[in-house]
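Here is the structure we will look at.
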Amino acid sequence: MSSKEAVIIKVSGPLVVADNMESAKMYEVVRVGKEKLVGEVIRLVGTTAFIQVYEETAGVGPGEPVELTGKTLSVELGPGLLESIYDGVQRPLAVLEEKSGHFLARGIDAEGLDQTKKWEFVPTQSVKDSVKAGDTLGTVQETTLIQHRIMVPADVVGTAKVKSIESGHFKVSDTVAVLEDENGKTHEVAMRHYWPIRVSRKMNNKLIPNEPLRTGCRSTDMFFPLVKGGAACIPGPFGSGKTVTQQTVAKYCDAQVIIYIGCGERGNEMTEVLNEFPHLTDPNSGEPLMKRTVMIANTSNMPVAAREASVYTGITIAEYYRDMGYHVALMADSTSRWAEAMREMSGRLEEMPGEEGYPAYLGSRTAEFYERAGMVDCLGSEGRQGSLTVIGAVSPPGGDLSEPVSQNTLRVTKTYWGLDSALSYQRHFPAINWLKSYSLYVPNIDKFMKDNVSEDYWNIREQAMGLLQEESKLQEIVRLVGPDALSIREKLVLLTSKAIREDYLYQDSFDPEDAYTVPMKQFEMLKTIVTLYTEGMKLVDREEFDFSKVETLPVIQKIARIKELKADDQDGFEAVRRDITKEIAAL
Ligand code: ADP
0 MSSKEAVIIK VSGPLVVADN MESAKMYEVV RVGKEKLVGE VIRLVGTTAF
50 IQVYEETAGV GPGEPVELTG KTLSVELGPG LLESIYDGVQ RPLAVLEEKS
100 GHFLARGIDA EGLDQTKKWE FVPTQSVKDS VKAGDTLGTV QETTLIQHRI
150 MVPADVVGTA KVKSIESGHF KVSDTVAVLE DENGKTHEVA MRHYWPIRVS
200 RKMNNKLIPN EPLRTGCRST DMFFPLVKGG AACIPGPFGS GKTVTQQTVA
250 KYCDAQVIIY IGCGERGNEM TEVLNEFPHL TDPNSGEPLM KRTVMIANTS
300 NMPVAAREAS VYTGITIAEY YRDMGYHVAL MADSTSRWAE AMREMSGRLE
350 EMPGEEGYPA YLGSRTAEFY ERAGMVDCLG SEGRQGSLTV IGAVSPPGGD
400 LSEPVSQNTL RVTKTYWGLD SALSYQRHFP AINWLKSYSL YVPNIDKFMK
450 DNVSEDYWNI REQAMGLLQE ESKLQEIVRL VGPDALSIRE KLVLLTSKAI
500 REDYLYQDSF DPEDAYTVPM KQFEMLKTIV TLYTEGMKLV DREEFDFSKV
550 ETLPVIQKIA RIKELKADDQ DGFEAVRRDI TKEIAAL
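Quick note on numbering that gives the first Met the number 0: the sequence shown kicks off at 0 and runs consecutively.
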């Protein structure tokens with residue numbers, strides 16, 4: 000230990016440099032200055048430490064002290080996470096506001112979990128039972144929607160014996176079980192524990208994802224599917240619908256737990272999310288969506304460094320619920336703000352800049368983040384499986400995807416929902432560009448969709464996509480020489496594609512009836528529209544045929560209202576298909 004006190008020698012925005020720091024460790028949490036601001040050591044050179052500070056550093060200056068805490072930047076994991084809204088370093092916003100009012104005071108200590116609340120712990124093991132790291136010791140009904148598992152800590156070696164286990168009401172820090180591991184080490188297990196945010200949580204194995212993450216969005220589920228345990232990127236310019244898309248997915252997708260990380264660029268943007276999210280209703284249970292949600296919010300009055308940490312805080316909490324065997328979906332909106340925080344810190348550290356001033360490690364950090372997604376065989380001997388799906392929005396300046404954040408994200412995400420400002424100007428929502436978007440997960444869910452929806456699922460999808468692609472080429476011709484130059488088949492392509500766009504792809508997230516469509520109904524809707532093309536093909540050899548007769552068939556109106564049919568109204572869909580066949584045959 001140095002006899003000299005750790006002391007600040009330089010302050011540069013969120014970066015503080017301190018000397019006499021030889022006893023500090025990398026990623027150790029320190030308290031900076033007289034006001035004891037929360038910081039993290041991000042680089043050590045000899046006795047000098049570079050500290051990323053998670054609070055506003057104005058007024059802090061050289062000569063002020065730095066205190067070591069001996070802890071790495073960690074999250075507190077346990078019952079009470081759900082329904083919480085945190086800042087980037089897991090301080091509950093409600094507690095911060097209570098202590099300091101709307102403008103955040105500095106140096107506030109706030110635990111992630113309520114330390115006084117008592118939870119009912121129901122043991123699932125008994126004294127003398129043998130357990131392994133990751134096994135369930137007991138459960139806590141955390142909210143009406145989610146049962147929390149208290150698991151054997153990951154650092155328990157080999158098979159451990161349960162020495163004692165309690166049932167009843169406890170605070171998160173109370174010991175509920177005592178274990179002795181293979182090395183004879185005693186572990187006092189509480190309902191909460193700490194985990195360093197920059198280290199992924201342990202698991203047995205990663206599995207190949209083979210189940211879709213259903214969102215109810217017809218465009219993405221059918222054409223650009225995501226899987227449970229997959230990673231998706233939503234790039235889009237301002238106003239194209241990133242936030243609405245993320246929120247709609249959060250609300251309707253079939254993940255059980257939602258982690259929402261908001262990094263708003265303008266203050267009011269995050270405020271909107273903060274105002275709206277707590278009022279969303281879970282469509283399945285009718286309960287507030289927050290009962291299965293944790294929010295991490297970076298409002299504009301929070302310093303840039305907290306954004307850098309927030310994505311790790313969020314994903315560590317997400318992994319924790321995955322470990323309990325839940326399907327978890329994490330939304331990060333927008334990761335460009337995270338990357339900008341990284342760029343700012345890197346600049347202040349005077350690191351060699353890479354492309355567009357971003358640090359050279361932007362690519363590896365992005366990959367490390369998205370690689371924490373996955374379908375996993377959870378730690379322990381219980382054969383539990385859980386998944387973590389990561390959906391990151393990216394806001395490329397000017398919508399130009401060649402910029403580094405988009406490029407690095409596209410490299411590591413297999414689903415790409417490209418939002419398009421031209422579509423949002425036309426009020427075509429969701430503004431997901433059907434020609435540019437893609438999903439590389441189709442082979443993963445091939446069997447699932449055939450088994451659960453229809454053997455014909457992929458054929459219908461292929462035909463519809465083919466039509467949309469051909470439509471875009473034909474529109475070019477129409478622009479140049481007008482519609483008269485088109486053949487009957489080409490006119491049929493345009494008519495069917497228009498129906499796919501307007502009657503299938505267009506979906507209003509704010510209309511409770513329309514916002515969610517089950518897979519079977521998606522399939523029936525699309526199959527019916529594609530029938531217009533396949534039946535219409537019977538007309539292509541007619542000479543001198545007036546195509547407007549097809550355009551004005553009564554069934555075209557029925558197709559336009561096809562979304563109003565009930566999901567289980569198989570006969571209704573078939574009736575429309577029969578009408579298509581009949582009316583075309585009568586021409
Ligand atoms: P971004 O986050 O990309 O800046 P938003 O998500 O805030 O954009 O969307 C901008 C506006 O577009 C919303 O306020 C809403 O009016 C409209 N919008 C976006 N997506 C949809 C949708 N799926 N359904 C209906 N309206 C939408």
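Note that beta-carbon positions come from the ideal geometry of N, C-alpha and C, so glycine has one too. Just so it is clear, the structure is predicted and the values come from calculations on it, not from any experiment.
Beta-bridge pairing by DSSP links Y415 to C232, Y437.
For I260, the enclosing beta strand (DSSP E) starts and ends at 256 to 262. In this structure, the alpha-carbon of M519 lies about 40 Å from that of L479.
In this structure the stretch 395 to 415 lies against the stretch 433 to 448, because at least three pairs of beta carbons, one per stretch, are closer than 8 Å. Assigned with DSSP and collapsed to three states, V188 falls in strand. When the Cα atoms are used, L178 and V171 turn out to be separated by approximately 17 Å.
For the pair L409 and W433, the CB atoms are not nearer than the 8 Å cut-off. By the 16-neighbour rule on beta-carbons within 10 angstroms, S129 is exposed. Annotation note: the stretch 28 to 101 contains the following uninterrupted alpha helix (DSSP H) runs of length 4 or greater, listed N- to C-terminal: 92 to 99.
For I459, the closest C-alpha among the options T527, I487, L494, A430 is that of T527. When C-alpha distances from Y515 are compared across D281, K472, P442, D450, the shortest belongs to D281.
For A328, the enclosing beta strand (DSSP E) stretches over residues 326 to 332.
For the set L36, A328, K160, the Cα lying nearest the Cα of I50 is the one of L36. For V452, there is no enclosing alpha helix (DSSP H), since its DSSP letter is neither H nor E. About 6 Å separates the beta carbon of G87 from that of I295, a gap short enough to meet the 8 Å contact definition. Nearest to C252 by C-alpha distance, out of G235, P211, V6, G238, is P211. Closest option to Y85, judged by alpha-carbon separation, among G111, Q462, T71: G111. Just measuring C-alpha positions, the residue of L564, V126, E501, V31 sitting nearest I107 is V31. Looking at the backbone, the Cα of E355 and that of G398 are separated by about 16 Å.
Inclusion of P78 and E141 in the CB contact set at 8 Å is warranted, their separation being smaller than that value.
Counting the other Cβ atoms within 10 Å of the Cβ of Y320 gives 16 or more, which makes it buried. Short note on K241: C-beta closer than 7 Å to some heavy atom of ligand 1.
When DSSP states are grouped into helix, strand and coil, R200 belongs to the coil group. I196 is positioned such that its CB atom lies closer than 8 Å to that of S73. Shortest gap from the CB of G238 to any heavy atom of ligand 1: under 7 Å.
Distance between M289 and E470, taken at the CA atoms: about 42 Å. A585 and A463 have their C-alpha atoms some 25 Å from each other.
With respect to V10, D18 sits apart: the two C-beta atoms are not nearer than 8 Å.
The C-alpha of Q384 is placed about 10 Å away from the C-alpha of N203. Checking the 7 Å criterion, the Cβ of S423 is within range of a heavy atom belonging to ligand 1. Runs of the alpha helix (DSSP H) spanning 4 or more residues and lying entirely within the stretch 350 to 419 occur at 361 to 369, 403 to 411, in chain order. The residues G356, Y357, P358, in chain order, have a CB closer than 7 Å to that of R342 in the same chain once the five nearest residues on each side in sequence are set aside.
Taking all protein chains shown into account, V452 has 16 or more neighbouring C-beta atoms within 10 Å of its C-beta and is therefore buried. For the options F522, I487, T292, the alpha carbon positioned closest to that of K537 is the one of I487. In the three-state scheme derived from DSSP, where H, G and I count as helix and E and B as strand, R560 is classed as coil.
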